[in-house]
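A.B. asks: Chains as they are written, first to last, in numbering that gives the first Met the number 0: chain A, 0 to 186; chain B, 0 to 186. What follows is a structure written as structure tokens; I'll ask about it next.
There are 2 protein chains.
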Amino acid sequence: MRQMCLMVDKKLSSYDALLEAGFLLFGKDKSASLADVAAAAGVGRATLHRHFTGRDDLMLALAKRALEELETASNAATENAPSYTDGLRLAMQAILPLAHRHMFLASERFDDPELAAWQAAQDRETHEAIDAAKAEGGLDPTLPTTWLATIYDNLIYAGWELIEAGEATPKQAANFAWRMFTQGATK
Amino acid sequence: MRQMCLMVDKKLSSYDALLEAGFLLFGKDKSASLADVAAAAGVGRATLHRHFTGRDDLMLALAKRALEELETASNAATENAPSYTDGLRLAMQAILPLAHRHMFLASERFDDPELAAWQAAQDRETHEAIDAAKAEGGLDPTLPTTWLATIYDNLIYAGWELIEAGEATPKQAANFAWRMFTQGATK
DNA sequence: TAGCGATGAGACAAATGTGTCTCATGGTAG
DNA sequence: CTACCATGAGACACATTTGTCTCATCGCTA
Numbered sequence: 000m001r002q003m004c005l006m007v008d009k010k011l012s013s014y015d016a017l018l019e020a021g022f023l024l025f026g027k028d029k030s031a032s033l034a035d036v037a038a039a040a041g042v043g044r045a046t047l048h049r050h051f052t053g054r055d056d057l058m059l060a061l062a063k064r065a066l067e068e069l070e071t072a073s074n075a076a077t078e079n080a081p082s083y084t085d086g087l088r089l090a091m092q093a094i095l096p097l098a099h100r101h102m103f104l105a106s107e108r109f110d111d112p113e114l115a116a117w118q119a120a121q122d123r124e125t126h127e128a129i130d131a132a133k134a135e136g137g138l139d140p141t142l143p144t145t146w147l148a149t150i151y152d153n154l155i156y157a158g159w160e161l162i163e164a165g166e167a168t169p170k171q172a173a174n175f176a177w178r179m180f181t182q183g184a185t186k
Numbered sequence: 000m001r002q003m004c005l006m007v008d009k010k011l012s013s014y015d016a017l018l019e020a021g022f023l024l025f026g027k028d029k030s031a032s033l034a035d036v037a038a039a040a041g042v043g044r045a046t047l048h049r050h051f052t053g054r055d056d057l058m059l060a061l062a063k064r065a066l067e068e069l070e071t072a073s074n075a076a077t078e079n080a081p082s083y084t085d086g087l088r089l090a091m092q093a094i095l096p097l098a099h100r101h102m103f104l105a106s107e108r109f110d111d112p113e114l115a116a117w118q119a120a121q122d123r124e125t126h127e128a129i130d131a132a133k134a135e136g137g138l139d140p141t142l143p144t145t146w147l148a149t150i151y152d153n154l155i156y157a158g159w160e161l162i163e164a165g166e167a168t169p170k171q172a173a174n175f176a177w178r179m180f181t182q183g184a185t186k
């Protein structure tokens, strides 16, 4: 059961190695022990506790890092998008391969105002993009924005499942998810 | 943290009450303790161990019960379906409200030949229905059946999320999920 | 009534996860 | 070189979970 060897690149700092190991192990099993995470990071158990007070603190740091990565990838992909509709497509393409890194966090409950505010801002941005895409004619304006946002997220997850199962390449999965989104959500 | 009172209808047998409690608690938190499950079932901890050898055995029983419920609901909904396409629609409608009962099992690894065979049979049935719907013209035949099956499942989950969030009624969610599926997957 | 079977309550030990502490080591900056 | 700092290893105590066992109780049946 134990991870006996290094699973994470040595070049990383202890802090980053611990986060990487967290994504790796908690992604497989959210109840992995902190000892396993430390071992996978190639650091001692004490060092984990030097950086994080405990499990909750580590989870919170993972959530913030995930949100950070998501935002970075999304912004980079959409900065030159010619339209909001294209922006949604490009963001989906960029986010899809990263989805597995933060999927295990979805069912987690965090009690952190900073994270909550950040997440709310992300949600608002997505909703605004969807509303703008509606105005552009890319999406059916009679469909509630919350419905479309939920579908958008779940199509990303579905695409990742296809990649994970070896059924599709990242490009194929992204194209398919986008096709389902636009064809399904146009009048 | 403990569940001090009965959470499950008294009319059930101990075995069924334990399964109900399992769906309820593991649905919220897959790492809930067996003591909590027993308490929620209104049953002593020893009785749980009289019915199940341990956590894995209980999880396996939950998986089998979930598959059973799924099959029953799906068969009842589709027995008079005029076409395979309609069958997929009716099955989606029937399965959607039950989805949350077995979603937590999706990320579980089972090592049971009976369950594996049963699950494979269900999968085969779904794939056959999708292939038949393609032949009927309801779905784009150039899309891989595995892709469509993955999307079908994820749209069901998305629909359940909408219900859970209070954003849509079961009927609305089912209609929306079906719209996304057919419009997205037709040529 | 007497006995049988299922059960709840609780005691118990073993295993695991967790948080803290100490000590020796190795690298780095002054 | 020397002092400092982060670290790995390991010891330790504590809490939780889990599996087993015993015993008294309750409902039902012969």
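Note that beta-carbon positions come from the ideal geometry of N, C-alpha and C, so glycine has one too.
For chain B, find out if any of its Cβ atoms is closer than 9 angstroms to the Cβ of Asp56 of chain A; answer yes or no.
C.D. replies: Within the first sequence, the letter at position 57 stands for residue 56 of chain A. No, Asp56 of chain A lies away from the interface with chain B (no Cβ there is under 9 angstroms from its Cβ).
A.B. asks: Could you check whether the Cβ of Ala157 of chain B sits closer than 9 angstroms to any Cβ belonging to chain A?
C.D. replies: As a working note, residue 157 of chain B is residue 158 in the second sequence. Taking Cβ atoms only, chain A reaches closer than 9 angstroms to Ala157 of chain B, which makes this a yes.
A.B. asks: Could you tell me the alpha carbon to alpha carbon distance between Pro112 of chain A and Gly158 of chain A, rounded to whole angstroms?
C.D. replies: Walking along the first sequence from the start, residue 112 of chain A turns up at place 113. Walking along the first sequence from the start, residue 158 of chain A turns up at place 159. The straight-line gap from Cα to Cα measures roughly 31 angstroms.
A.B. asks: Check Pro169 of chain A in the structure and name its three-state DSSP category.
C.D. replies: Stepping through the first sequence from its first residue, residue 169 of chain A is reached at position 170. Reduced to three states, the DSSP call for Pro169 of chain A is helix.
A.B. asks: Whose CA, out of A:Glu70, A:Leu33, A:Glu78, lies closest to the CA of Leu57 of chain A?
C.D. replies: The residue you call residue 57 of chain A lines up with position 58 of the first sequence. The option with the nearest alpha carbon to Leu57 of chain A is A:Leu33.
A.B. asks: How many Å lie between Leu66 of chain A and Gln118 of chain A at the Cα?
C.D. replies: Start at 1 with the first residue of the first sequence, and residue 66 of chain A comes out as number 67. Start at 1 with the first residue of the first sequence, and residue 118 of chain A comes out as number 119. Distance between the alpha carbons of Leu66 of chain A and Gln118 of chain A is about 8 angstroms.
A.B. asks: Would you report the Cα separation of Thr71 of chain B and Ala93 of chain B, rounded to the nearest angstrom?
C.D. replies: By 1-based counting over the second sequence, the position of residue 71 of chain B is 72. By 1-based counting over the second sequence, the position of residue 93 of chain B is 94. Roughly 10 angstroms between the two C-alpha positions.
A.B. asks: Look at the alpha carbon of Thr77 of chain A and the alpha carbon of Ala172 of chain A, and state the distance between them as a whole number of angstroms.
C.D. replies: Looking up residue 77 of chain A in the first sequence gives position 78. Looking up residue 172 of chain A in the first sequence gives position 173. Rounded to the nearest angstrom, the two C-alpha atoms are 19 angstroms apart.
A.B. asks: Report the residue from A:Lys63, A:Phe25, A:Ala39, A:Ala38 whose alpha carbon sits nearest the alpha carbon of Asp110 of chain A.
C.D. replies: Here residue 110 of chain A is taken as the residue at index 111 of the first sequence, counted from 1. Considering only alpha carbons, the answer is A:Lys63.
A.B. asks: Thinking just about the alpha-carbon of each residue, which of B:Lys133, B:Arg108, B:Phe51, B:Ser13 is nearest to the one in Gly41 of chain B?
C.D. replies: Position 42 of the second sequence, counted from the start, is the residue given in the question as residue 41 of chain B. Gly41 of chain B has its Cα closest to that of B:Ser13, out of B:Lys133, B:Arg108, B:Phe51, B:Ser13.
A.B. asks: Could you check the C-alpha separation between Arg178 of chain A and Pro81 of chain B for me, to the nearest Å?
C.D. replies: In the first sequence, the residue the question calls residue 178 of chain A occupies position 179. In the second sequence, the residue the question calls residue 81 of chain B occupies position 82. Roughly 28 angstroms separates the two Cα atoms.
A.B. asks: At 4 residues or longer, what runs of the alpha helix (DSSP H) sit wholly inside the stretch 126-164 of chain A?
C.D. replies: The stretch 126-164 of chain A contains these whole alpha helix (DSSP H) runs: 144-163.
A.B. asks: If we ignore side chains and look at the alpha-carbon of each, how far apart do Arg49 of chain A and Gly43 of chain A end up?
C.D. replies: Position 50 of the first sequence, counting from 1, holds the residue named residue 49 of chain A. Position 44 of the first sequence, counting from 1, holds the residue named residue 43 of chain A. In a straight line, the C-alpha of Arg49 of chain A is about 10 angstroms away from that of Gly43 of chain A.
A.B. asks: Within 10 Å of its beta-carbon, does Met123 of chain B have 16 or more other beta-carbons around it, so buried, or fewer, so exposed?
C.D. replies: Here residue 123 of chain B refers to the residue found at position 124 when the second sequence is read from its first residue. The sequence as given places Arg at residue 123 of chain B; Met does not occur at that position. Flag for Arg123 of chain B reads exposed.
A.B. asks: Would you say Phe175 of chain A lies against chain B (beta-carbon separation less than 9 angstroms)?
C.D. replies: Taking the first residue of the first sequence as 1, we reach residue 175 of chain A at position 176. Cβ-Cβ to chain B under 9 angstroms: yes for Phe175 of chain A.
A.B. asks: Determine the extent of the alpha helix (DSSP H) in which Ala31 of chain A is found, giving its start and end residues.
C.D. replies: Here residue 31 of chain A refers to the residue found at position 32 when the first sequence is read from its first residue. Run containing Ala31 of chain A: none; DSSP gives neither H nor E here.
A.B. asks: Going by DSSP, what residue range makes up the alpha helix (DSSP H) through Glu107 of chain A?
C.D. replies: Locating residue 107 of chain A in the first sequence gives position 108, where the first residue counts as 1. Run containing Glu107 of chain A: none; DSSP gives neither H nor E here.
A.B. asks: Name the chain B residues whose beta carbon is nearer than 9 angstroms to that of Ala60 of chain A?
C.D. replies: Along the first sequence, read from residue 1 onward, the residue named residue 60 of chain A stands at position 61. Under the 9 angstroms cutoff, chain B gives no residues; its nearest Cβ is about 20 angstroms from Ala60 of chain A.
A.B. asks: Could you give the distance in angstroms between the alpha-carbon of Thr84 of chain B and the alpha-carbon of Glu163 of chain B?
C.D. replies: Indexing the second sequence from 1 puts residue 84 of chain B at position 85. Indexing the second sequence from 1 puts residue 163 of chain B at position 164. Using only the alpha carbons, I get a separation of about 27 angstroms.
A.B. asks: Can you say whether Asn74 of chain A is buried or exposed, counting buried as having 16 or more other CB atoms within 10 angstroms of its CB?
C.D. replies: The residue labelled residue 74 of chain A in the question sits at position 75 within the first sequence. Per the 10 Å Cβ criterion, exposed.
A.B. asks: Give a yes or no on whether the C-beta atoms belonging to Leu18 of chain B and Phe175 of chain A are separated by under 9 angstroms.
C.D. replies: One-based indexing of the second sequence puts residue 18 of chain B at position 19. One-based indexing of the first sequence puts residue 175 of chain A at position 176. No; because the gap between Cβ atoms is not below 9 angstroms, this pair is not in contact.
A.B. asks: The alpha helix (DSSP H) with Lys186 of chain B in it runs from where to where?
C.D. replies: Numbered from its first residue, the second sequence carries residue 186 of chain B at position 187. Looking at the DSSP string, Lys186 of chain B is not in any alpha helix (DSSP H), and its letter there is neither H nor E.
A.B. asks: For Leu133 of chain B, collect the residues of the same chain with a Cβ closer than 6 angstroms to its Cβ; drop the 5 residues on either side in sequence, then sort them by chain order.
C.D. replies: Position 134 of the second sequence holds residue 133 of chain B. According to the sequence provided, residue 133 of chain B is Lys. The question's Leu does not apply to it. Only Pro140 meet the Cβ criterion.
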